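Residue numbering for the sequence shown follows the working numbering, starting at 2 and increasing by one per position. By construction, the Cβ of each residue, glycine as well, lies at the ideal position given by its N, Cα and C atoms. As the structure is a computational prediction, the values presented were derived from the model and not from experiment. Notes for the one structure printed next.
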Amino acid sequence: MMKKKSVSARKASLVLFLCQMISALDVPLDSKLLEELSQPPTITQQSPKDYIVDPRENIVIQCEAKGKPPPSFSWTRNGTHFDIDKDAQVTMKPNSGTLVINIMNGGKAEAYEGVYQCTARNERGAAISNNIVIRPSRSPLWTKEKLEPNHVREGDSLVLHCRPPVGLPPPIIFWMDNAFQRLPQSERVSQGLNGDLYFSNVQPEDTREDYICYARFNHTQTIQQKQPISVKVFSTKPVTERQPVLLTPTGSTSTKVELRGNVLLLECIAAGLPTPVIRWIKEGGELPANRTFFENFKKTLKIIDVSEADSGNYKCIARNRLGSAHHVISVTVKAAPYWITAPRNLVLSPGEDGTLICRANGNPKPNISWLANGVPIAIAPEDPSRKVDGDTIIFSHVQERSSSVYQCNASNEYGYLLANAFVNVLAEPPRILTPANKLYQVIADSPALLDCAYFGSPKPEIEWFKGVKGSILRGNEYVFHDNGTLEIPVAQKDSTGTYTCVARNELGKIQNEVHLEVKDPTMIIKQPEYKVIQRYGQVSFECVIKHDSTLLPTIIWLKDNDELPDDERFLVGKDNLTIMNVTDKDDGTYTCIVNTTLDSVSASAVLTVVAAPPTPAIIYARPNPPFDLELTGQLERSVELSWIPGDENNSPITNFVIEYEDGLHEPGVWHYQTEVPGTQTTVQLKLSPYVNYSFRVIAVNEIGRSQPSEPSEQYLTKSANPDENPSNVQGIGSEPDNLVITWESLKGFQSNGPGLQYKVSWRQKDVDDEWTSVIVANVSKYIVSGTPTFVPYEIKVQALNDLGYAPEPSEVIGHSGEDLPMVAPGNVQVHVINSTLAKVHWDTVPLKTVRGHLQGYKVYYWKVQSLSIRSRRHVEKKILTFRGNKTFGMLPGLEPYSSYKLNVRVVNGKGEGPASPDKVFKTPEGVPSSPSFLRITNPTLDSLTLEWGSPTHPNGVLTSYILKFQPINNTHELGPLVEIRIPANESSLILKNLNYSTRYKFYFNAQTSVGSGSQITEEAITIMDEGKMAGILHPAVGAGKAMASRQVDIATQGWFIGLMCAVALLILILLIVCFIRRNKGGKYPVKEKEDAHADPEIQPMKEDDGTFGEYSDAEDHKPLKKGSRTPSDRTVKKEDSDDSLVDYGEGVNGQFNEDGSFIGQYSGKKEKEPAEGNESSEAPSPVNAMNSFV
């Protein structure tokens, strides 16, 4: 048996042992081992505590557990045993505790509501699940209700109540219209947390009949709809503005309790006009950074992951220009239990000690209770090795029968926590899990890790041996890891061999052998070299390697870190790369990579392709590196370096570059030292103390730089005092009572020796005071506390090391921290230059009161009110900054005829000082802006009505309005301009005596005593005189003249188009009549009359030949005789018209017969065909009459 140890000492070993055990059980390394180990049950999966199920689907209550042997499962329902065998609807999954309740085949979810708990049990104990509360989700319908329309006055507030049905879980609320479009929300209209829709003030556009509240129940995937709500907004002028009033929450104070870790949501929605703006503050503190969010247009304050520190009073302030309202919400953060230390599984060996600790916190403080195998520990079977001490169970001298599963329950009024933790007492001899005779291969000079994964209870001790009969391995050349692994940090060839791992405890011993082989590293003994090749030539790169004979290397060639081109010109040999017929695109870097299963090496070279010369060219290349570097004449601060140049490769060496490495401070980093001409092979080098120098030389010619030479031997210079002090020393205070001294530290080689430090000294300037000094480590900042505010200091920083001080440093002037200025500028005067510009003067403040670096002065100015419009508005302060010690400044961009206030503040590096008393000044009148609108309505034949709005910015007292107007003809020419002055108190005017159907252009502006403002223009047309236009149908010359004077273009008028259509129809009818008369046989009554009144000019018809007599062409075109017309009721003279529509139906005797033929009387005149008569008519047609207007 192991010797008994103290509890505290045992805990440390148990933690390590427990980690190994949990790892072995949770992440199996050997399945056979895990099959053999006994383990109490562990719950691995369970349903949530509050489990809301879909009543239409089968209910699955999860309970999964692991253990050895596999656990059996049982359930309780509402605290009593649930016999699933007696319920045909309930089954348990095989090899699982998960219950499936069949709802889809006749079961009802409501019948299975209740509290369920699962128990997983085997011979080593019993684990229990949480209490799982099963509740089916509910999505009830909205209750029927009669909704009356909401009649609201414009500007009033309104709340549309949603009142959704109570569902499980609660539904998600949103508002939409009949078209299923979300209703837009804003600062004025928004949805509250309770789902109601709040209007801070209603506007006419809020009138609608389809405000619909929807409730979405996610669990059942259903959406319920409330009946549409109607809102009608009626307007009253003027709309009364209102100061804010809170719609929710009501009253001045309220309380809210939230649980730790939840999201805190606080809401304030206010009514008012203009729409109030919401602001949130926490009384006596700040809103938590990074956890505070504002939603719903800042009406909702959201704080995530709340804690007890978030308790307090939160105030919301609703404000508009008429006032404000506020509400204080007292928030208390309570806490359901949460773990401080949850109990963890404990794996012990027989006779060992251990503890289970269960610590939880909450508000109020949770009650801790223990159970053993699901039974309260007070009534559980006695265990002499167990002692309960509050939140701790102490185990002493455990035996295998002590294995159990313990449950810790931490509960308060807001919830509970339940955790299972088993105590597993195992007595197991050692086992080694690493496979026997495993072979490890490593490269020489690299680390080797030999595994020995093990298990045993008690925890075995691990020892390593080399060889079959070798001694135990000890010493610094080996590292022994807790998991049994043996590490050889630097494996050598002689490390090859067989290693034995031995694991033993009091129950047994076991060993395992592994084998280590150390291989030679792979090396490139002949690397590819830089090549310059002529175009179309051939080039070859070598890559000769040396490797361990047991490893199989592979060689890969890359060009510019990519695969070689797929080109037959590239030939890859065993140890070289050849490029045939080289072209310009072959220029680049070629890399040889050698890989084995254990290591990889590479080398690169550059190929430069040059043009082929006309004659056999000399191959130019970079010089070969110098060699045989030698150091001579070593002194403390200098040394002489010499070297032998390499081959210059047909291009003379122009210079040599010398670089150095500081092996003490920056090993592996090469720095530029100097360079010398190409004819020089020695150089005297200046050195710094306390540097371990190595040098190398690079040759340079016109082609390029050579490879660096091999490094010279190392030369360590002696230590010395520092030669220089830190640079960039500054003194700037960060607080009013401190001085922060900063500097740039010396570089490593500038220290000149070990133990670099700094002596920081300071004293107040212009005060007979001694220097105060302090020595600090190798840092770059020191803070002097307790200084007066903004006073000058003399500062110096001196370097020192173990050998002494650097030279005396120079002094710099710094200042201690600034504070806000103490006084405001005085004697503030304002000189108003014009209506938009003012000049402000002030007296400078005493420099002592500035308490910092004077940066300038800030002038705050704002408009109080307009002197012409008596209305208040949101005050927008403007700021102008004047740099330096100025005493005046210009204020541009002022608004005319307004009252302003300003104050002046002095500014230093810390901030702004107090403000001077507000100074009031007024700007004089200016010219007004243009009228806000100009509308022209009610057009008549000779008048138009003008309406206008006063200027948005009167900029003074309006004296009058100026109206100018002029007609515009069809060619866009302007007529005479008429000007009218209108009193300032008028807002409309009727212009009379205008021409009808005429376009007019109007110019309108306002005036103050200063002058006229910008004008607004508009155009309008008087209407047409339809009565007079009808007279155009009569061929009266006088009427034609009257219309011509009107300058009217009637070609686009509707009535004219209709008239033309009628004329065209009449002509078509006459043509049809003519056609019928020409082609119809027999005599007509007209013919008989023609025979009775023979006219010598008319050829008689020949009846005997059976044909109609036809008019000859010559006769058809003879003019009618004078006075041959039939008299009518309207005498038409010859000089007025040669023909008239009177001849075709306006006469007393004229008429049409039934077939449309003309049978009017022709008294002694030649018969004319209607079509021809029309053609010869010269009466003024409507088109001609209209064209005479243009």
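May I ask you to report which of helix, strand or coil DSSP gives T579? In the displayed model, T579 falls within a strand according to three-state DSSP.
Go ahead and label Y962 buried or exposed: buried means 16 or more other beta carbons lie within 10 angstroms of its beta carbon, across all protein chains shown. Counting Cβ neighbours within 10 Å, Y962 comes out buried, since at least 16 surround it.
C-beta atoms of P137 and V54 nearer than 7 Å: In contact: P137 and V54 (Cβ atoms closer than 7 Å).
Kindly indicate which three-state DSSP category C593 falls into: helix, strand or coil? C593: strand per DSSP, three-state reduction.
Under the three-state reduction of DSSP, which class applies to K878: helix, strand or coil? Under the three-state reduction of DSSP, K878 is assigned to coil, being neither helix nor strand.
Quick one, which of S370, G363, Y407 and P365 has its alpha-carbon nearest D384's? If we check each option's Cα against that of D384, Y407 comes out closest.
Relative to the alpha-carbon of T743, which residue among G754, Q751, V761 and N425 has its alpha-carbon at the smallest distance? When each option's Cα is compared against that of T743, the closest is V761.
So what's R1078 in DSSP terms, helix, strand or just coil? Three-state result, R1078: helix.
Pick helix, strand or coil for M1061, following the three-state DSSP scheme. Helix at M1061.
Take N1 and list the residues in its own chain whose beta-carbon comes closer than 7 Å to its own, dropping the five residues that flank it on each side. Lying outside 2 to 1191, the shown extent of the chain, residue 1 is not represented and no answer is given.
Is the beta carbon of Y315 closer than 7 Å to that of L266? Against a cut-off of 7 Å, the Cβ pair of Y315 and L266 comes out as no contact.
According to DSSP, is Q192 helix, strand or coil? It is a strand residue.
Would you check if the distance between the CB atom of G749 and the CB atom of D803 is smaller than 7 Å? The answer is no: Cβ separation not under 7 Å.
7 Å Cβ cutoff met for P72 and R122: Yes; because the gap between Cβ atoms is below 7 Å, this pair is in contact.
Is it buried or exposed, D769, if we count other Cβ atoms within 10 angstroms and call 16 or more buried? Of the residues assessed, D769 falls on the exposed side of the cut-off, its CB having fewer than 16 other CB atoms within 10 angstroms.
Could you give the DSSP three-state label for T850: helix, strand or coil? Helix.
When you compare only the Cα positions, how much space is there between Y783 and Y694? Rounded to the nearest angstrom, the two C-alpha atoms are 33 Å apart.
Cα separation between F218 and A454? Near 55 Å, if we compare the C-alpha coordinates of A454 and F218.
Spatial neighbours of L169 within its chain, please: C-beta separation below 7 Å, excluding the five flanking residues on both sides. Only I53, R136, S138 and R139 meet the Cβ criterion.
How long is the line joining the alpha carbons of G1082 and C1075, rounded to whole angstroms? The predicted model places G1082 with a pLDDT of 49, which falls under 50 and marks its position as unreliable, so this point remains unresolved.
Same chain, Cβ closer than 6 Å to K12, neighbours up to 5 away in sequence not counted: Its pLDDT being 36, under 50, K12 is placed unreliably in this model, and the value from its coordinates should be taken loosely. Excluding residues up to 5 positions away in sequence, nothing lies with its Cβ nearer than 6 Å to the Cβ of K12 in the same chain.
To which residues of the same chain is V602 closer than 7 Å at the C-beta, ignoring the five residues directly before and after it? Only T523, M524, I525 and V595 meet the Cβ criterion.
I'd like to confirm the pairing. Which residues does DSSP put opposite P1205 in its beta bridges? Examination of residue 1205 is not possible in this model, given that the chain is present from 2 through 1191 alone.
Counting C-beta neighbours from all protein chains within 10 Å, is the total for E287 16 or more, i.e. buried, or is it exposed? When all chains shown are included, E287 counts as exposed.
Skipping 5 residues on each side, what residues in its chain have a beta carbon closer than 8 Å to that of K993? Scanning its chain for C-beta atoms nearer than 8 Å, with the 5 sequence neighbours on each side dropped, one finds around K993 the residues D943 and S944, in chain order.
Using alpha carbons as the reference points, say which of T301, P367 and E284 lies closest to D311. D311 has its Cα closest to that of E284, out of T301, P367 and E284.
Beta-carbon within less than 6 Å of R1212's beta-carbon, same chain only, minus the 5 sequence neighbours each way: which residues are those? Lying outside 2 to 1191, the shown extent of the chain, residue 1212 is not represented and no answer is given.
Could you tell me the alpha carbon to alpha carbon distance between T888 and I1017, rounded to whole angstroms? Approximately 43 Å, taken between the alpha carbons.
Using only the alpha-carbon positions, how far apart do E507 and S458 sit? Their backbone Cα atoms lie some 9 Å apart in a straight line.
Which residue's Cα is closest to the Cα of M93: R125, N59, P239 and E662? Measuring from the Cα of M93, the nearest candidate turns out to be N59.
Own chain partners of G102 with C-beta closer than 7 Å, once the 5 adjacent residues on each side are dropped: Here residue 102 is Ile; the residue named in the question, Gly, does not match the sequence. The beta carbon of I102 sits closer than 7 Å to those of N59, I60, Q90, V91, G108 and Y113, all from its chain and outside the five residues before and after it, given in chain order.
7 Å Cβ cutoff, L248 in contact with chain C: Absent from the structure is chain C; it holds one protein chain and no more.
Please determine, among T356, P239, K494 and Q222, the residue with the shortest C-alpha to C-alpha distance to R345. Ranking the options by Cα distance to R345, first place goes to T356.
If distances are taken between C-alpha atoms only, which option among I444, I619 and T584 comes closest to D549? When only C-alpha atoms are compared, the closest one is I444.
Under the assumption that K920 contacts V829 (Cβ atoms under 8 Å), give the Cβ distance between them as a whole number of angstroms. 5 Å between Cβ atoms; contact.
Can the beta-carbon of Y591 be found closer than 7 Å to that of A604? With respect to A604, Y591 sits apart: the two C-beta atoms are not nearer than 7 Å.
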